[in-house]
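Participant:
Protein chains in written order, with our numbering: chain G, 50 to 312; chain V, 3 to 281.
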């Protein structure tokens, strides 16, 4: 309870400092919208030339694209600070003050920034889901909606876990941003149905970097009823808990090796 | 000639700078390999799903040509688009160092052109030669890029080099124009993202302009962006005959002159409103 209150106090402070850069935020959001429009436009231009993409209609591909933005956006809202840890903060010796406070450092990282830019992604994602969803000819079941929500929320937890684990390597190597970048960029694969990829890639996207597990499989459940929604939800929740536990463990172990860089 | 000599240190400095970011370049390379692989899988699925099957041609591109296009566009972007122009202008405004340039006997724009050329030369020599050699070697070797005659290839390659230099300069001046907008908004992150998005979409980096719908395609074909990625790559792929090559190169050249004039005009207006924070 104490931590929840503390979280909101910290977030309020972070929001106040964001207000200093209003114009920057507006232009960032605009360019974000435009870049999504371009990416989507590209996909639709391609789809116009073919009957369907491995059986997926344009509306279905659009639904995929919109849904894939949700877990990424939710993660973006809460855990942006880990990028700075990975790229800069450890290297600059800027973490000392966090280690001196009687609050878990990992909690402080979450409380350090709340990234409202993520709302833009949530809005675009949901808009796309609604527009494309209305053009889909599927019977919507409660189970399918349930597994989509689970996929978005716990999928975000899985992405955050990767961020925590990889950024904590900076405590040992001083800088782990590039590695985090490489793993994070696999989210480009999450925008498409895994059915279009070769077997090896499918395997990676389900068992190693499970973007397919929480994006592709839930959407397939809605479109084709391929999987049992409740079993799938249970698996997603289970996997995300395992990932998050492992990530916090790795963070704790690496944080013990932290040495201030001084300057 | 002597007037140009004073810009030489900028060429050198930015070339050396480029090498200081080797680590970033390795990260970029790994990220890019995975992204290109993703695109290749996507195109494979697209051509497999098309009516004529994998060997059909969509909007003038066969599957093999599309793979060649994706690979070459990626290498091309890496070698050619290395400008920090926007960031430098933003820094000069924020730290007030822009004042130093206004009193020095060199042109602010000239400095950036020199830096662009330096970075381009360094990237071309260190990464361009091995990447193009490996890329073209493999693509020609596996028969994805057919070569009718060696001389034809050499001629197209020479035209490609000309188009590359123009693409680098066009990218530089567009960055500069976006950079000048920092005078008004100081929203460098957003402006840079906006610039990157516009360029990657309209230059045909995301997908060839032939895929765009009718009227839109006609407009984009004659915009400066087409000359920044698609046209040089299509020249290298020998998809254009010599007449078309000359045409697209001339269009780029005309745009370059126009945009430089526009940038000059914009700068002379913007410099009057510059607000230095601190400095």
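By construction, the Cβ of each residue, glycine as well, lies at the ideal position given by its N, Cα and C atoms.
Report the rounded CA-to-CA distance for residue 187 (chain G) versus residue 61 (chain V), giving the unit in angstroms.
Facilitator: 32 Å
Participant: Using three-state DSSP, classify residue 253 (chain G) as helix, strand or coil.
Facilitator: If DSSP states are grouped into helix, strand and coil, residue 253 (chain G) belongs with the helices.
Participant: So, helix, strand or coil for residue 147 (chain V), using DSSP?
Facilitator: coil
Participant: Use the C-beta contact count for residue 85 (chain V): other C-beta atoms within 10 angstroms, 16 or more gives buried, fewer gives exposed.
Facilitator: buried
Participant: Do three or more CB pairs link the segment 134 to 150 of chain V to the segment 216 to 236 of chain V at distances below 8 Å?
Facilitator: no
Participant: Okay, do the segment 120 to 132 of chain V and the segment 7 to 21 of chain V touch, 3+ Cβ pairs below 8 Å being the bar?
Facilitator: yes
Participant: Taking Cβ positions only, does residue 53 (chain V) come closer than 9 Å to chain G?
Facilitator: yes
Participant: The segment 166 to 191 of chain V: which residues have C-beta closer than 8 Å to a C-beta of chain G, in chain order?
Facilitator: Listed in sequence order: 187, 188, 189, 190 and 191.
Participant: For residue 197 (chain G), collect the residues of the same chain with a Cβ closer than 6 Å to its Cβ; drop the 5 residues on either side in sequence, then sort them by chain order.
Facilitator: 267
Participant: When the cut-off is 9 Å and only beta carbons count, does residue 113 (chain G) lie next to chain V?
Facilitator: No, no contact with chain V.
Participant: Leaving out five residues before and five after residue 78 (chain G) in sequence, what residues of the same chain have Cβ atoms less than 7 Å from its Cβ?
Facilitator: These residues qualify, in order along the chain: 166 and 169.
Participant: Quick check for students: name the residue ranges of the alpha helix (DSSP H) that lie wholly in the segment 116 to 196 of chain V, counting only runs of 4 or more.
Facilitator: 131 to 143 and 152 to 187
Participant: Please decide whether residue 40 (chain V) counts as near chain G, where near means a Cβ-Cβ distance under 9 Å.
Facilitator: yes
Participant: Which one of V:174, V:158 and V:170 has the shortest CA to CA distance from residue 245 (chain V)?
Facilitator: V:158
Participant: Give me the chain V residues within the contact set of residue 83 (chain G), using Cβ-Cβ distance strictly less than 8 Å, ordered along the chain.
Facilitator: Near residue 83 (chain G) (Cβ distances below 8 Å), the residues of chain V are 196, 199 and 200.
Participant: So, at 7 Å on beta carbons, what are the nonlocal neighbours of residue 193 (chain G) in its own chain, with the 5 sequence-adjacent residues on each side left out?
Facilitator: 270, 271 and 278
Participant: What does the alpha-carbon distance come out to for the pair residue 157 (chain G) and residue 106 (chain G)?
Facilitator: 44 Å
Participant: Hey, would you say residue 155 (chain V) sits closer than 9 Å to residue 240 (chain V), going by beta carbons?
Facilitator: yes
Participant: Would you call residue 194 (chain V) buried or exposed, if buried means 16 or more other Cβ atoms sit within 10 Å of its Cβ?
Facilitator: buried
Participant: For residue 247 (chain G), decide whether its Cβ has a neighbour in chain V, counting only Cβ atoms nearer than 9 Å.
Facilitator: yes
Participant: In this structure, does DSSP put residue 273 (chain G) in helix, strand or coil?
Facilitator: helix
Participant: Which of the three DSSP states is assigned to residue 281 (chain V) in this structure?
Facilitator: Low confidence applies here, because residue 281 (chain V) scores a pLDDT of 45, under 50, leaving its location unreliable and the question unanswered by this model.
Participant: What number of angstroms, rounded off, separates the C-alpha of residue 81 (chain G) from the C-alpha of residue 257 (chain V)?
Facilitator: 27 Å
Participant: I want to know whether the segment 220 to 234 of chain G touches the segment 248 to 255 of chain G - three or more CB-CB distances under 8 Å.
Facilitator: no
Participant: Does DSSP classify residue 231 (chain V) as helix, strand or coil?
Facilitator: Residue 231 (chain V) carries a coil assignment under DSSP once its states are collapsed to helix, strand and coil.
Participant: Return the bridge partner residues of residue 63 (chain V) from the DSSP annotation.
Facilitator: V:60
Participant: 9 Å is my cut-off, CB to CB: does residue 91 (chain V) come that close to chain G?
Facilitator: no
Participant: Whose Cβ in chain V lies nearer than 8 Å to the Cβ of residue 234 (chain G)?
Facilitator: 33, 36 and 37
Participant: If you draw a straight line from the alpha carbon of residue 172 (chain G) to that of residue 36 (chain V), how long is it in whole angstroms?
Facilitator: 28 Å
Participant: Mind checking if residue 268 (chain V) is an interface residue toward chain G, Cβ cutoff 9 Å exclusive?
Facilitator: no
Participant: Could you tell me how far apart the beta carbons of residue 120 (chain G) and residue 226 (chain G) are, in whole angstroms, since I believe they sit closer than 8 Å?
Facilitator: Between residue 226 (chain G) and residue 120 (chain G) the Cβ distance is about 21 Å, and since that is not below 8 Å, they are no contact.
Participant: Alpha carbons only, please: which of V:220, V:70, V:162 and V:183 is nearest the one belonging to residue 268 (chain V)?
Facilitator: V:183
Participant: Let me know the secondary structure DSSP gives residue 276 (chain V) once reduced to three states.
Facilitator: coil
Participant: Taking Cβ-Cβ distances shorter than 8 Å, what residues in chain V pair up with residue 73 (chain G)?
Facilitator: 187, 188, 189, 190, 191 and 192
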